[in-house]
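Notes to accompany the following structure.
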Amino acid sequence: MRFFGAVTAIALAFVLVACAQVPANEPASGVGVGGSVGSYSGVKIGGVDDGVASGRSLCYT
0 MRFFGAVTAI ALAFVLVACA QVPANEPASG VGVGGSVGSY SGVKIGGVDD
50 GVASGRSLCY T
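The numbering of the sequence shown is numbering that gives the first Met the number 0, which starts it at 0 and goes up by one.
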């Protein structure tokens, strides 16, 4: 019975050390520096008075 307890303790120590070695990267959001954004479309729902009516479909390139 002591053998299995020792094996369990060694396995747990190995898992803890292995998990500590995994680097945690910061989550990336959006387009990276130097990346390009393809064309996309959207619908204006409000904002500044730029002569474009709300509800109009717009294409950005």
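Even glycine gets a Cβ: it sits at the ideal position worked out from N, Cα and C.
The segment 36–43 makes contact with the segment 52–60, as at least three CB pairs between them are under 8 Å. Each residue's CA atom was taken as its position, placing Pro-22 and Gly-29 some 21 Å apart. In this structure, the alpha-carbon of Ser-38 lies about 21 Å from that of Ala-52. Following the DSSP letters along the chain, one finds Ser-53 in no beta strand (DSSP E), marked with neither H nor E.
Residue state for Gly-4 is assigned as helix, using DSSP reduced to three classes.
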